[in-house]
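Encoded as structure tokens, the structure appears first; notes follow it.
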Amino acid sequence: MAGQSKLLDPLCISCKDFQHPWTDHCASAAAGILLSATPYCLRVYTVVYAFSLLMRHRVPNLTDLKRTLLGIIQSTAFLVTNAYSFIMYNCLLRNMLGRYNFYTVAFVPCFLASFTAILVERPARRPLLTLYVANVATEALWKMAESRGWVRSISNGQTFIFGLSMSALLYIYRRGPTEDSIFNILRHFVGKEEAGPIVNNWDTLPGEQPAPPQNRPSVSFSTISDWVRVYSNFLNAKHASCRHNQSCIAYSISGGIKPFVIGVVLQVALKLVMNVSKVASGKMKWRKHIFDRSILPLGIFMGSFSFLYKLALIMRMRVPRLQDLWRTLTGILQSTAFLSMNGGLFIFSVCLLRQLLGRFYFPTVAFLPSFLSSWLSIAVERPERRTPLAMYVANVGIETVWKMLESRGLVRSLPNGQVLIMGLSLTALMYLYRVGLHKTVAKDATFKGLSVILGKEEEGPLKTPTVTTTQSSRQRPLNFQSISAYVQVYDRLRTAKHPSCPHRQGCAPYALYGGFEAVPGRPGSAGWTESYCSTYPRLLI
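Going by the working numbering, the first residue of the sequence shown is number 56, and it counts up by one from there.
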């Protein structure tokens, strides 16, 4: 109980010292954050919606442009609301309760701000935003717990998470048509031909016996024609259940080359966009930024994922199918043999089990091939990218399985559950940012966005300023009936400085100089945000 009571102990600090040292008015501080965050958020969502419009591969009509414009405005309002409502709720709780405590410093205001912001966003975008933020929050909280010694990570555990999650997604994808957006992405990797429902070509009527297997002509390998025939059959071989037109080998190779090229092109395009100023000025170092190994991992990951998945399907189709559920354990042992040994030992074990059991079972329809391809492809990706990718796919898999169970009536979802998850996830991220744990927990673009929107002054660790008599309390009231009064106002505005400010000059010159220095060089930087956060509230006083 003593530990819980400490969480409710009052913190002797005002909202001005804690949140907005540049102004005495809470409304002016919230308005300043709103004005400073709007240009950055508008620029971010303009790029996002413009890119999604280009990905449709058709000329947009008037309806598409109107829908895109409304989406940009609404999404910008969502992100701006998340920025200014945090300081608004923080000051509101401080004024209502009369003090701060452990919960009202960051947790409760973050949750209320995130809850309010997600209600502004379009309902169609709420699941994607919730999934992304929950993914980042889960990874950040896990790394925080690991850094404090509460939990321990398994070596290469992200590989198992990615493999199992992708197996669940591809299993659902192979079972039948689905409407979730994640399967539109998978369709580009594994192809439309692999989508369900699966057509069973081996079903027999009750009482009938399955047709005996067709005997292939024996090959003696004594003449060149035998070798040519084997080579031709190998290139043109196609299983009866395959839906693609070309042979299985050509289908697998083409399925791996296309994602590889797309991944390399995306990486090159991203580098060109990030260095557009250098390209325009002719100072681009092409060998360093474009012709470099760093552009290959994404393409290798995308290409190997598709190629290995289709290759595993070919291996599965060369032998009869599985039907009993207990065969899953044997399939996992086979996959382990495939990863630890070589392909010959894997094929040997498959054939040996086939002879022992007499037939294949159900899990090789989608689970085993997808698990193999996922396991091998994630090992090619860069180590620093494996954990975020595995966590994202795991969250997508959990969401998809939950929706499938909900559609069958096995589970029930909470009303506005996505809003609650979004609020709690953003609360965790903003709390980590406020207390300064984000630097040691995760290096993600989400925290960079928070630093731009909220400003560097909101970044932790929190420091309580020394309680001193402020300059404003010693100043005499002005009557504004003479020119000297206006001169005194200008002088106070130029030299006013809060005790917690680290800069030497007054807050107003510091904000203005920081803005003029940062805006031409790097829009959206900390100085740019701070200039608007500090200047506009002072003009509104």
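Heads up, the beta-carbon is just placed ideally off N, CA and C, and yes, glycines get one too. Everything numeric in this text was worked out from a predicted model, so none of it was measured.
Quiz prompt | Distance between Ala-179 and Asn-239 (C-alpha atoms, nearest Å) | solution = So the two alpha carbons sit approximately 16 Å from each other.
Quiz item: Ala-86 and Val-135: beta carbons closer than 8 Å?
Solution: Result no, Cβ atoms of Ala-86 and Val-135 do not sit closer than 8 Å.
Quiz item: Under 8 Å between the Cβ atoms of Ile-350 and Val-323?
Solution: Yes, these two residues count as a Cβ contact at 8 Å.
Quiz prompt | Cβ separation of Ser-220 and Gly-452, assumed to be a contact under 8 Å, to the nearest whole Å | solution = Their Cβ separation, rounded to whole angstroms, is 4 Å, which keeps Ser-220 and Gly-452 in contact under 8 Å.
Self-check item: For Ala-449 and Lys-247, the rounded distance between their alpha carbons
Solution: If you draw a straight line from the Cα of Lys-247 to the Cα of Ala-449, it comes to about 23 Å.
Quiz prompt | CB of Val-466 within 8 Å of CB of Phe-170, strictly | solution = No, the pair does not count as a contact, with Cβ atoms beyond the cut-off.
Quiz item: If you compare alpha carbons, which of Ile-127, Phe-141, Leu-125 and Leu-108 is closest to Phe-73?
Solution: With distances taken between Cα atoms, Phe-73 lies closest to Phe-141.
Self-check item: Cα-Cα separation between Ala-200 and Leu-481, rounded to whole angstroms
Solution: Ala-200 and Leu-481 have their C-alpha atoms roughly 18 Å apart.
Quiz item: Smallest Cα separation from Ile-312: which of Gly-354, Ile-128, Ser-287 and Val-163?
Solution: When only C-alpha atoms are compared, the closest one is Gly-354.
Self-check item: Per-residue DSSP class, three states only, for Gln-322
Solution: Residue state, collapsed to three classes: helix.
Quiz prompt | Where Lys-71 falls: helix, strand or coil (DSSP) | solution = Here DSSP, grouped into helix, strand and coil, assigns Lys-71 to helix.
Self-check item: Helix, strand or coil at Pro-470 [DSSP, three-state]
Solution: Under the three-state reduction of DSSP output, Pro-470 falls in the coil class, being neither helix nor strand.
Quiz prompt | Where Trp-77 falls, given that 16 or more other Cβ within 10 Å makes a residue buried | solution = By the neighbour-count criterion, in which a residue is buried when 16 or more other Cβ atoms sit within 10 angstroms of its Cβ, Trp-77 is buried.
Quiz item: By Cβ distance below 6 Å, which residues in the same chain neighbour Val-175 in space, the five residues on each side in sequence not counted?
Solution: Cβ contact annotation for Val-175 (same chain, cutoff 6 Å, sequence separation greater than five): Ala-132, Phe-133 and Thr-136, in chain order.
Quiz item: Looking only at C-alpha atoms, which of Ile-127, Cys-96, Pro-94 and Leu-117 sits nearest to Ser-107?
Solution: Of the listed residues, the one whose Cα sits closest to Ser-107 is Ile-127.
Quiz item: Anyone know if the C-beta pair for Met-459 and Ile-227 falls short of 8 Å?
Solution: The beta carbons of Met-459 and Ile-227 sit closer together than 8 Å.
Quiz item: What is the residue span of the alpha helix (DSSP H) that Glu-194 lies within?
Solution: That run of the alpha helix (DSSP H) goes 181-202.
Quiz item: Got a sec? Which residues, its chain only, sit under 7 Å from Leu-196 by beta carbon, not counting five neighbours each side?
Solution: Ala-483, listed in sequence order.
Practice problem: With distances taken Cα to Cα, identify the nearest neighbour of Gly-472 among Ser-336, Leu-125, Thr-185 and Asn-145. | Solution: For the options Ser-336, Leu-125, Thr-185 and Asn-145, the alpha carbon positioned closest to that of Gly-472 is the one of Thr-185.
Quiz prompt | Selected residue, minimal CA-CA separation from Ala-551, among Cys-70, Val-319, Lys-326 and Asp-79 | solution = Ranking Cys-70, Val-319, Lys-326 and Asp-79 by Cα distance to Ala-551 puts Asp-79 first.
Practice problem: Excluding the 5 residues preceding and the 5 following Ala-84 in the sequence, name in chain order all residues of the same chain whose CB lies nearer than 6 Å to its CB. | Solution: Sequence-distant Cβ neighbours of Ala-84 in its own chain, meaning closer than 6 Å and more than five residues away, are His-75, Thr-78, Ile-142 and Pro-592.
Quiz item: Where Ile-68 and Cys-81 are concerned, what is the direct C-alpha to C-alpha distance, given to the nearest angstrom?
Solution: As the crow flies, the alpha-carbon of Ile-68 is around 15 Å from that of Cys-81.
Self-check item: Candidates Leu-183, Arg-181, Ala-189 and Pro-314, of which the one nearest Arg-242 by Cα
Solution: With distances taken between Cα atoms, Arg-242 lies closest to Pro-314.
Quiz item: Does DSSP put Ala-161 in a helix, in a strand, or in coil?
Solution: Ala-161 falls in the coil class under three-state DSSP.
Practice problem: Could you check the C-alpha separation between Glu-454 and Gly-337 for me, to the nearest Å? | Solution: Across the structure, Glu-454 and Gly-337 are spaced so that their CA atoms are roughly 47 Å apart.
Practice problem: Determine the extent of the alpha helix (DSSP H) in which Ile-216 is found, giving its start and end residues. | Solution: 212-230 is the span of the alpha helix (DSSP H), which, as asked, contains Ile-216.
Quiz item: At what residues does the alpha helix (DSSP H) containing Lys-333 begin and finish?
Solution: 331-336 is the extent of the alpha helix (DSSP H) around Lys-333.
Practice problem: Pull up the distance between the alpha-carbon of Ile-88 and that of Cys-96, whole angstroms please. | Solution: When rounded, the distance between both Cα atoms is 12 Å.
Quiz prompt | C-alpha gap between Cys-70 and Leu-487, whole angstroms | solution = Cα to Cα, Cys-70 sits roughly 19 Å from Leu-487.
Exercise. Look at the alpha carbon of Arg-203 and the alpha carbon of Thr-193, and state the distance between them as a whole number of angstroms.
Key: Their Cα atoms are separated by approximately 16 Å.
Practice problem: Please name the residue in Ile-308, Lys-198 and Met-357 whose C-alpha comes closest to that of Leu-321. | Solution: Nearest C-alpha to Leu-321 among Ile-308, Lys-198 and Met-357: Met-357.
Practice problem: Just mark Ser-395 as buried or exposed, buried being the case when its beta carbon has 16 or more other beta carbons within 10 Å. | Solution: Low local confidence applies: a pLDDT of 36 at Ser-395 is under 50, so the model's placement there is unreliable, and no value is given.
Quiz item: Going by other Cβ atoms of all chains shown within 10 Å of its Cβ, with 16 needed for buried, is Gly-214 buried or exposed?
Solution: Looking at the sequence shown, residue 214 is not Gly but Thr. In summary, Thr-214 is buried, with 16 or more beta-carbon neighbours lying within 10 Å of its beta-carbon over all protein chains present.
Quiz item: Helix, strand or coil: which one does DSSP assign to Thr-131?
Solution: It is helical.
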